[in-house]
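Residue numbers are given in our numbering: position 306 of the sequence shown equals residue 476, and the series is strictly consecutive.
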Amino acid sequence: MLETDTLIQHYLEGTLSETEAAQLHEMILAQPELGERLLQHFEMDTMLRETKPLAVVPAPAPVLLPKRRFTFATVTSVAAMAACITLAGTWLLQPLLKVEEEETTASVAVLTRGVNLDWESTAITPGTPLSPGLLKLRSGIAQIEFYQGARVLIEGPAEFRLISSGEATCTRGKLSAHVPPQAKGFRINTPQGTVVDLGTEFGLDVNDASAEVHVFKGEVELHQASEAMQSLKQGQAMAFADKGQMLAANASNFASLNEIDARSQQSQRSQFESWLARSAKLNGDAGLKLRFDFQDDEGARSLHNHALNGGLIEDGSIVGAAWTEGRWSGKRALEFRNVSDRVRLYVPGETAALTMSVWVRVNGLDRAFNSLFMSESWGDRKVHWQITREGKVRLGVAGRGSVKHADYDTAVFFTPERLGRWTHLAVVFDPSTQEARHYANGELIARLPLKDASPLKLGVAELGNWSDRRNQGGVAIRHLSGAMDEFALWDRALSSAEIAQLIK
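And the structure:
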């Protein structure tokens with residue numbers, strides 16, 4: 171360990187390391203009398219700099235100044251100086267230290283809307299950011315908005331490859347595109363040629379034999395191999411293989427925003443009716459003890475428990491949280507924004523097994539722990555279901571007595587691309603298989619061995635927040651930043667097939 175004078179000298183010379191800064195700080199806190207020596211060095215260094223600004227000043231030896239009383243104010247000043255030393259040490263070493271990397275995204279577009287989507291490639295839901303890659307759509311209409319501003323409606327069956335925020339390739343299918351001025355130059359490639367937009371609206375129909383481009387507004391350029399560039403203006407159309415033969419543009423052959431609006435409304439009505447029918451059946455499940463569907467009156471300040479076998483669990487009390495739109499039009503949800511927002515509930519007794527399910531939209535992970543369902547306080551087999559700041563979904567189970575608690579974490583799931591989207595989460599505590607299981611959108615994402623399979627005690631709990639009654643001090647802030655539009659709890663372990671059915 172270096173002497174205090176040496177550490178101070180390193181600071182004055184600008185060579186103090188981060189480790190040395192922390193060491194000096196600890197010395198001053200442990201021995202306040204060292205503050206006097208620190209002030210002496212500061213005074214000497216300041217005097218030398220003022221009198222010989224251009225001279226190379228050798229490292230000064232400690233100089234004793236007239237004795238003076240070391241007061242509380244001096245201690246306070248020294249503590250502030252010590253903090254500055256720590257910051258200075260970090261600043262001086264910053265070029266040598268590894269700078270924390272910013273999060274990045276490879277996405278170039280986003281799927282904003284979809285009607286009756288049936289994917290041949292990996293299924294994608296509206297709100298999903300899209301990285302470069304191939305999309306295969308069997309049927310339905312997908313609306314994609316590129317980061318440069320272009321908007322494309324794709325009709326299945328189609329094969330569409332994203333290349334960048336201003337370029338894509340269509341090898342099969344129909345699409346219509348709206349390209350505002352700020353996205354001028356947007357390109358769509360086909361096997362027969364490339365369409366370069368100059369700020370317009372156009373349609374493109376691509377099949378194995380040929381391709382046609384129809385200009386509804388503005389102007390596009392058509393580029394083909396071994397052919398001169400062809401300019402097409404509003405009302406004009408051309409088949410790529412026709413070598414310059416003009417056709418009349420026909421907008422009725424392509425999906426429009428009006429059509430997707432009408433089909434979206436029809437699809438949502440059908441989806442809502444199907445959900446109501448499934449809900450009625452689900453409410454009769456013998457193991458279901460609690461189910462909030464969030465369809466209570468918009469002015470209501472409680473959530474009704476619809477579980478037919480959940481008579482011991484009363485309705486939940488809404489505190490603070492405001493009503494908002496849920497995962498589709500006509501579906502209601504509660505939004506959690508403030509430290510006050512929560513739903514209070516009570517689950518009496520013990521349960522050997524447990525399954526919880528929720529539809530949630532996570533807007534941000536602003537805290538170390540972001541609540542989904544959390545038993546009040548902590549200890550004696552209480553349960554905390556939450557999302558960590560890193561984006562992991564965690565089931566925390568308190569131990570009995572002095573037994574240590576256990577955390578069952580997924581890998582990082584909530585990356586920046588997943589924020590702001592409706593997601594279905596489920597967690598299963600299964601003593602029969604001695605494991606905890608996590609699911610997201612019906613898919614198993616983690617299977618973890620139980621460290622203690624003894625029964626759980628939920629007790630008083632909250633959705634979207636946490637109350638800690640262990641002491642009279644401040645309560646840790648763990649409220650959710652986002653919304654919920656359905657929550658259910660079983661006293662049995664649901665299978666993977668049953669979990670998958672919850673998102674139909």
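Glycine included, each C-beta is placed from N, C-alpha and C at the ideal position.
{"Query": "Could you please give me the residues that DSSP links to ILE311 through a beta bridge?", "Result": "VAL285, GLU325"}
{"Query": "So what does DSSP say about LYS451, is it helix, strand or coil?", "Result": "helix"}
{"Query": "On a CA-only basis, which of ILE669, GLU656, LEU664, ILE198 is nearest LEU446? Give me that one, please.", "Result": "GLU656"}
{"Query": "Ordered along the chain, which non-local residues of its own chain (more than five positions away) have a Cβ less than 6 Å from that of LEU650?", "Result": "PHE506, ASN540, SER541, GLY634"}
{"Query": "Exposed or buried, MET399, counting other C-beta atoms within 10 Å across all chains shown (16 or more means buried)?", "Result": "exposed"}
{"Query": "Based on the DSSP output, what are the partners of ASN479 in its beta bridges?", "Result": "ASN479 is not bridged to any residue."}
{"Query": "Could you name each continuous beta strand (DSSP E) segment of 3 residues or more that falls completely within the segment 485-568, going from the start of the chain to the end?", "Result": "486-489, 492-495, 502-506, 512-517, 524-534, 539-545, 553-558, 562-567"}
{"Query": "Please classify ASN475: is it buried, with 16 or more other beta-carbons within 10 angstroms of its beta-carbon, or exposed?", "Result": "buried"}
{"Query": "Would DSSP call PHE442 helix, strand or coil?", "Result": "helix"}
{"Query": "Would you kindly report the start and end of the unbroken alpha helix (DSSP H) that includes SER666?", "Result": "666-671"}
{"Query": "For the putative contact between PHE462 and ARG502, defined by C-beta atoms under 8 Å, what is the C-beta separation to the nearest angstrom?", "Result": "About 11 Å; that fails the 8 Å criterion."}
{"Query": "Report yes if the C-beta distance between ARG662 and ALA523 is below 7 Å; otherwise report no.", "Result": "yes"}
{"Query": "SER346 to ALA658, Cα distance in whole Å?", "Result": "41 Å"}
{"Query": "Residues in the same chain with beta-carbon distance under 8 Å from MET408, minus the five sequence neighbours each way, listed in chain order, please.", "Result": "GLU382, VAL383, LEU392, GLN400, LEU402, GLY414, GLN415, MET416, LEU417"}
{"Query": "Looking at the structure shown, is ARG461 part of a helix, part of a strand, or coil, going by DSSP?", "Result": "strand"}
{"Query": "To the nearest angstrom, report how far apart TRP261 and PRO350 are at their CA atoms.", "Result": "In this predicted model, TRP261 has a pLDDT of only 43, less than 50, meaning its place in the structure is not dependable; the value taken from the coordinates is given anyway. Going from the Cα of TRP261 to the Cα of PRO350 covers about 46 Å."}
{"Query": "Do ALA576 and VAL567 have their C-beta atoms closer together than 7 Å?", "Result": "yes"}
{"Query": "Compare the beta carbon distance of PHE424 and LYS344 with 7 Å and say whether it is the shorter of the two.", "Result": "yes"}
{"Query": "Could you please give me the residues that DSSP links to ALA596 through a beta bridge?", "Result": "SER527, TYR609"}
{"Query": "Going by beta carbon distance, what residues of the same chain come within less than 7 Å of GLN394, once the five residues before and after it are set aside?", "Result": "GLN362, GLY363, PHE410"}
{"Query": "Buried or exposed: ASP367, going by 16 or more other Cβ atoms within 10 Å of its Cβ?", "Result": "buried"}
{"Query": "Alpha carbon to alpha carbon, how far is GLU190 from PRO236? Give it in angstroms, no decimals.", "Result": "Unreliable positioning characterises PRO236 in this predicted model, as indicated by a pLDDT of 41, which lies under 50. The coordinate reading is nonetheless provided below. Roughly 28 Å separates the two Cα atoms."}
{"Query": "Distance check for ASP600 and VAL285, CA to CA, integer angstroms please.", "Result": "37 Å"}
{"Query": "Nearest to ALA450 by alpha carbon, out of GLY319, ILE311, ASN479?", "Result": "ASN479"}
{"Query": "Got a sec? Which residues, its chain only, sit under 6 Å from ARG321 by beta carbon, not counting five neighbours each side?", "Result": "GLU315, HIS348"}
{"Query": "Buried or exposed for LEU332, going by 16 or more other Cβ atoms inside 10 Å?", "Result": "buried"}
{"Query": "Need the endpoints of the beta strand (DSSP E) that PHE583 sits in, please.", "Result": "No beta strand (DSSP E) holds PHE583; DSSP gives it neither H nor E."}
{"Query": "Given this structure, state the Cα-to-Cα distance separating VAL598 from ALA670, to the nearest angstrom.", "Result": "13 Å"}
{"Query": "My assumption, with CB atoms under 8 Å, is that ALA276 sits in contact with TYR317. Please give the rounded CB distance.", "Result": "About 11 Å; that fails the 8 Å criterion."}
{"Query": "If you draw a straight line from the C-alpha of LYS387 to the C-alpha of GLY336, how long is it?", "Result": "19 Å"}
{"Query": "Going by beta-carbon coordinates alone, are LEU620 and ALA610 separated by less than 7 Å?", "Result": "no"}
{"Query": "Do the segment 431-439 and the segment 285-302 make contact, defined as three or more Cβ pairs closer than 8 Å?", "Result": "yes"}
{"Query": "Whose C-beta lies closer than 7 Å to the C-beta of THR221 among residues of the same chain, with five residues either side of it excluded?", "Result": "Because THR221 sits at a pLDDT of 45, beneath the cut-off of 50, its placement in the model cannot be relied upon, and the point is left open."}
{"Query": "In this structure, how does DSSP classify ILE294 when only helix, strand and coil are distinguished?", "Result": "coil"}
{"Query": "Rounded to whole angstroms, how far is the Cβ of THR525 from the Cβ of LEU664, which I believe are closer than 8 Å?", "Result": "4 Å"}
{"Query": "Give a yes or no on whether the C-beta atoms belonging to ALA491 and ASP511 are separated by under 7 Å.", "Result": "yes"}
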